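Accompanying notes for the structure given below.
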Amino acid sequence: MSMKDRIEAVEARIAAACARAGRDRGEVEVIAVTKYVSLETTGEAIREGLRHLGENRWQDAAPKLQTYGEAAEWHFIGHLQTNKVKDVIGKFRYIHSLDRLSLAKELEKKAGQLGLTVPCFIQVNVSGEESKYGLAPDKLLEFAGELRAFEHLRIVGLMTMAPYEAEPEATRPVFRGLRELRDRLNREGVLGYEAPHLSMGMSNDFEVAIEEGATWVRLGSSLVGRE
Ligand SMILES: *Cc1c(COP(=O)(O)O)cnc(C)c1O
């Protein structure tokens, strides 16, 4: 399948999921995750019109950002080590994996030095799987309250990863759980501003995520392929 065909197929599935949920197609943004593909294929994705690209490791992302840093909006979607903040700050527009105070402090410090405001998603481990990063759901409100004082971070929403399920429908409680957490965060006014977004849904489960309110889906293998 060519990339053009994959993009069309994914687009049709997104549109159908939006229709099932009574949502506007415009409410859902796509991040093309290029972590499994080469520099050339990343260039092809940009030429095919994909504007938001995601990577989960700085080492793999660096050459792509060097070549295509200005041609796309970059999203850091992987676990972020505190000592890598200096590398990614200012290069990735969004951080999807804010999950601890030490990381927030380092991001705040480096963003302040550069005079930037960094849009971040708080990553929550809704499923509770031990192998997954992210804050425990019952720690979210307290953590968000602490972030309120961080002037150079803007919390735009929450992010989660569902476990891989042979039957994607089984992921629904995880996505619903993240939506409920976002609603509670906003209802209680913990941040002092709205955090509207939900970064959830990958190749295996994005339709369920959209039905449950995803505003950003992160698609690798189904969209740009795997090499
Ligand atoms: C790899 C990755 C994705 C995309 O994975 P696919 O299943 O290939 O769509 C999405 N989100 C995160 C955090 C990832 O690490």
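Quick note, my numbering runs 853 ahead of the 1-based positions in the sequence shown. Cβ atoms here follow ideal geometry from the backbone N, Cα and C, with glycine treated the same way. As the structure is a prediction and not an experimental result, all values here were calculated from the model.
Taking C-beta to C-beta, are residue i and residue j nearer than 8 Å?
{"i": "S955", "j": "I930", "result": "no"}
{"i": "E1104", "j": "A872", "result": "A query on residue 1104 cannot be resolved here, the shown segment of the chain reaching from 854 to 1080 and no further."}
{"i": "R1079", "j": "Y889", "result": "yes"}
{"i": "L906", "j": "A898", "result": "yes"}
{"i": "T894", "j": "E908", "result": "no"}
{"i": "F1003", "j": "E961", "result": "yes"}
{"i": "L1044", "j": "P990", "result": "no"}
{"i": "I942", "j": "K917", "result": "no"}
{"i": "E1016", "j": "E983", "result": "Reading the sequence as shown, one finds Pro at residue 1016 and not Glu. Taking 8 Å as the Cβ cut-off, P1016 and E983 do not qualify as a contacting pair."}
Can you find a heavy atom of ligand 1 that lies under 7 Å from the Cβ of residue i?
{"i": "G1042", "result": "no"}
{"i": "I860", "result": "no"}
{"i": "L1072", "result": "yes"}
{"i": "G931", "result": "yes"}
{"i": "M1014", "result": "yes"}
{"i": "A936", "result": "It is worth fixing the name first, because residue 936 is Asn in this sequence and not Ala. Because no heavy atom of ligand 1 lies under 7 Å away, the Cβ of N936 does not count as near it: no."}
{"i": "V881", "result": "no"}
{"i": "V886", "result": "yes"}
Given that a residue counts as buried once 16 or more other Cβ atoms are within 10 Å of its Cβ, and exposed if not, what is residue i?
{"i": "N1099", "result": "This structure leaves residue 1099 out entirely; the chain is present only between 854 and 1080."}
{"i": "R904", "result": "exposed"}
{"i": "R1040", "result": "exposed"}
{"i": "A1062", "result": "buried"}
Under 8 Å by Cβ, that's how I've got residue i and residue j pegged, so tell me the actual separation to the nearest angstrom.
{"i": "L1011", "j": "F974", "result": "6 Å"}
{"i": "Q934", "j": "D952", "result": "Not a contact, Cβ separation roughly 12 Å."}
{"i": "P1021", "j": "N1057", "result": "6 Å"}
{"i": "L994", "j": "L1038", "result": "7 Å"}
{"i": "R946", "j": "E926", "result": "5 Å"}
{"i": "A915", "j": "V1077", "result": "With 8 Å as the limit, A915 and V1077 do not qualify as a contact, their Cβ atoms being about 18 Å apart."}
**Asked** Would you say the segment 1039–1052 touches the segment 857–865, given that touching needs at least three Cβ pairs under 8 Å?
**Response** no
**Asked** Counting Cβ pairs, one atom from each stretch, are 3 or more of them under 8 Å apart for the segment 1019–1029 and the segment 963–972?
**Response** no
**Request:** Say whether the segment 1059–1073 touches the segment 872–888, bearing in mind that this needs 3 or more beta-carbon pairs closer than 8 Å, one atom from each stretch.
**Result:** yes
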